[in-house]
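Enquirer: Here it is: the structure, laid out below.
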Amino acid sequence: PNDWSKITLNPVLWVRFPHMVLAAYLTGAFCAAATGAWYLLRGIFSAEARVMLRMGLYFAAVLLPAQLVFGHFNGDYIHRYQPAKFAAIEGRWHDEQPASEVLIGIPDEAAETNHYSISIPVLGSVIASMSLDSKEVGLTDFPAQDRPPVAIPFFTFRIMVGCWGIMLLIAWFGSYLIHKERIEHYRLLLWATFLSFPLPFIAILSGWVTAEVGRQPWVVYGVLRTADGVTPFLSTQTVMVSLAVYCVVYTFIFTFGTYYIYRLLRTGPVGSLGAPPIGAVPNRPMSVIIERRTTPTSRHVPAGE
Ligand code: HEM
Numbered sequence: 067p068n069d070w071s072k073i074t075l076n077p078v079l080w081v082r083f084p085h086m087v088l089a090a091y092l093t094g095a096f097c098a099a100a101t102g103a104w105y106l107l108r109g110i111f112s113a114e115a116r117v118m119l120r121m122g123l124y125f126a127a128v129l130l131p132a133q134l135v136f137g138h139f140n141g142d143y144i145h146r147y148q149p150a151k152f153a154a155i156e157g158r159w160h161d162e163q164p165a166s167e168v169l170i171g172i173p174d175e176a177a178e179t180n181h182y183s184i185s186i187p188v189l190g191s192v193i194a195s196m197s198l199d200s201k202e203v204g205l206t207d208f209p210a211q212d213r214p215p216v217a218i219p220f221f222t223f224r225i226m227v228g229c230w231g232i233m234l235l236i237a238w239f240g241s242y243l244i245h246k247e248r249i250e251h252y253r254l255l256l257w258a259t260f261l262s263f264p265l266p267f268i269a270i271l272s273g274w275v276t277a278e279v280g281r282q283p284w285v286v287y288g289v290l291r292t293a294d295g296v297t298p299f300l301s302t303q304t305v306m307v308s309l310a311v312y313c314v315v316y317t318f319i320f321t322f323g324t325y326y327i328y329r330l331l332r333t334g335p336v337g338s339l340g341a342p343p344i345g346a347v348p349n350r351p352m353s354v355i356i357e358r359r360t361t362p363t364s365r366h367v368p369a370g371e
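Numbering (my numbering), first residue to last: 67 to 371.
In structure tokens form, the structure reads like this:
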């Protein structure tokens with residue numbers, strides 16, 4: 067197509083975009099909950115910490131089932147339009163009817179099989195086609211040069227779903243304990259919530275890798291190979307230089323961003339939300355934190371007061 071609206075608003079948007087938006091909200095929810103758990107474990111800012119924990123975990127408890135539904139829609143989409151990617155994610159080498167679901171195993175591309183696999187009969191057909199006896203295609207239906215690397219999407223997909231499962235446990239159990247007003251007695255769960263903040267980030271990265279590695283060797287599935295999509299005048303050296311520049315710039319931004327957020331979290335919800343601290347200037351973001359710590363007028367106003 068040469069129509070931008072057709073390209074950008076193509077049907078996959080309605081499954082991939084909500085999956086990504088939910089992923090972003092989940093990340094926010096877990097970061098808020100983890101910060102609340104961290105404050106409670108340290109015994110500081112308890113009033114705000116309870117609000118963060120409650121809002122974060124309740125929100126995540128609702129978003130996670132929705133993420134499963136949209137994850138399933140993503141699966142449906144690739145089952146229909148990117149069948150080799152689907153077979154690689156499933157670790158399915160040969161056609162099966164009904165198909166089993168490989169929970170875990172080690173794919174071996176040379177031998178076209180999985181080692182040490184654990185699978186559940188029929189579940190593969192149920193997940194792929196909502197049927198008890200559908201035939202599901204295996205990787206060997208595709209010429210070797212049209213298959214993606216199998217191990218990467220196979221494992222990254224399981225990492226994403228594994229993160230989802232752990233987040234669901236924490237969010238549901240945590241929400242239950244908050245509802246019963248018992249969460250502060252379960253320090254193990256507070257620790258789990260605090261340590262869970264990387265999970266949505268890991269899920270996002272592994273989902274992205276699943277999608278991008280899984281569609282290889284195509285840049286436009288079934289139409290344009292990645293190898294044919296390379297800009298002809300680009301040399302390896304140019305690519306290496308631009309990659310190195312990206313790495314340096316992002317390492318700087320990421321390091322500074324992490325340090326800044328860490329300082330903000332350590333300082334905590336201190337002072338007045340309305341007015342910035344005296345002496346804070348927009349072109350020196352750190353001044354917000356430094357000034358907050360040193361301004362004599364800054365006072366801690368607990369949530370709800
Ligand atoms: C049981 C739960 C989940 C299922 C069944 C699922 C399913 C999928 C599938 C099939 C894809 C590949 C889509 C494609 O190739 O076009 C995908 C990609 C992705 N997933 Fe998940 N997912 C789940 C949980 C999560 C969670 C918890 C997150 C993050 C918090 C997440 C974030 C992503 C992202 C960022 C992508 C890449 C999307 C893109 O490139 O457009 N997923 N997911």
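Note that CB positions come from ideal geometry on N, CA and C, so glycine has one too. Owing to the predicted nature of the structure, the values given are computational and were not obtained by experimental measurement.
Could you name the residues of the same chain whose beta carbon sits closer than 7 Å to that of P335, not counting the 5 residues immediately before and after it, in chain order?
Expert: F111, E114
Enquirer: For A100, which option in H145, N180, P266, P283 has the closest C-alpha, if you only look at C-alpha atoms?
Expert: P266
Enquirer: Relative to the C-alpha of Q133, which residue among P173, A90, I170, I155 is closest?
Expert: Minimum Cα distance to Q133 is reached at A90.
Enquirer: Does any heavy atom of the ligand HEM sit closer than 6 Å to the C-beta of W230?
Expert: yes
Enquirer: Across which residues does DSSP place R180 in a beta bridge pair?
Expert: At residue 180 the sequence reads Asn, which differs from the Arg that was named. DSSP lists P173 as partners of N180.
Enquirer: For the stretch 206-214 against the stretch 232-240, are there 3 or more C-beta pairs whose distance is under 8 Å?
Expert: Touching, no.
Enquirer: Could you give the DSSP three-state label for W373: helix, strand or coil?
Expert: Missing from the structure shown is residue 373; the chain here goes from 67 to 371 and no further.
Enquirer: Could you give the first and the last residue of the continuous alpha helix (DSSP H) run that contains E114?
Expert: 112-147
Enquirer: Determine the direct distance from the alpha carbon of G109 to that of M196, and round the result to whole angstroms.
Expert: 49 Å
Enquirer: Quick one: Cα of A217 to Cα of Q282, how far?
Expert: Going from the Cα of A217 to the Cα of Q282 covers about 13 Å.
Enquirer: Give the single residue among H138, T93, V311, P77 whose Cα lies nearest to the Cα of L123.
Expert: T93
Enquirer: Need the endpoints of the alpha helix (DSSP H) that P219 sits in, please.
Expert: Bounds of the alpha helix (DSSP H) holding P219 are 217-245.
Enquirer: Only counting the same chain, and skipping five residues up and downstream in sequence, which positions put a Cβ closer than 6 Å to that of R213?
Expert: Counting only Cβ-Cβ distances below 6 Å, and skipping sequence neighbours, we find A150, L205.
Enquirer: Give the C-beta separation of G141 and E162 to the nearest angstrom, bearing in mind that I take them to be a contact with Cβ-Cβ under 8 Å.
Expert: Not quite, the Cβ-Cβ distance comes to about 17 Å (not below 8 Å), so this is no contact.
Enquirer: Which residue wins for smallest C-alpha separation from W230, given the options I249, F263, L79, E202?
Expert: For the residues I249, F263, L79, E202, the minimum Cα distance to W230 belongs to F263.
Enquirer: To the nearest angstrom, report how far apart K201 and T276 are at their CA atoms.
Expert: 23 Å
Enquirer: Can you list, in chain order, the residues of its chain whose CB lies under 7 Å from that of F220, leaving out five sequence neighbours each side?
Expert: Counting only Cβ-Cβ distances below 7 Å, and skipping sequence neighbours, we find A154, I155, G157, P173.
Enquirer: Quick check: is any heavy atom of the ligand HEM less than 6 Å from the C-beta of N140?
Expert: N140 Cβ: within cutoff of the ligand HEM.
Enquirer: Please classify V315: does DSSP put it in a helix, a strand, or coil?
Expert: helix
Enquirer: Identify which residue in E250, A269, Y287, D294 has its Cα closest to the Cα of H85.
Expert: A269
Enquirer: Mind checking which residues open and close the alpha helix (DSSP H) that includes G295?
Expert: That residue, G295, is in no alpha helix (DSSP H); it is neither H nor E in DSSP.
Enquirer: Based on the DSSP output, what are the partners of S185 in its beta bridges?
Expert: Looking at the DSSP assignment, S185 forms a beta bridge with V168.
Enquirer: Please identify the residue among P215, I193, F96 whose C-alpha is closest to the C-alpha of L130.
Expert: F96
Enquirer: Taking only the alpha-carbon atoms, compute the straight-line gap between V227 and S272 and give it to the nearest angstrom.
Expert: 9 Å
Enquirer: With hydrogens ignored, establish whether the beta-carbon of V227 is closer than 6 Å to any heavy atom of the ligand HEM.
Expert: yes
Enquirer: Nearest CA to the CA of R248: which residue from I73, V78, L106, W80?
Expert: Checked all of I73, V78, L106, W80; the closest Cα to R248 is L106.
Enquirer: Of the residues Y182, N68, R82, L88, which one's Cα is nearest the Cα of Y143?
Expert: R82
Enquirer: For M306, verify whether its CB is less than 6 Å away from any heavy atom of the ligand HEM.
Expert: no
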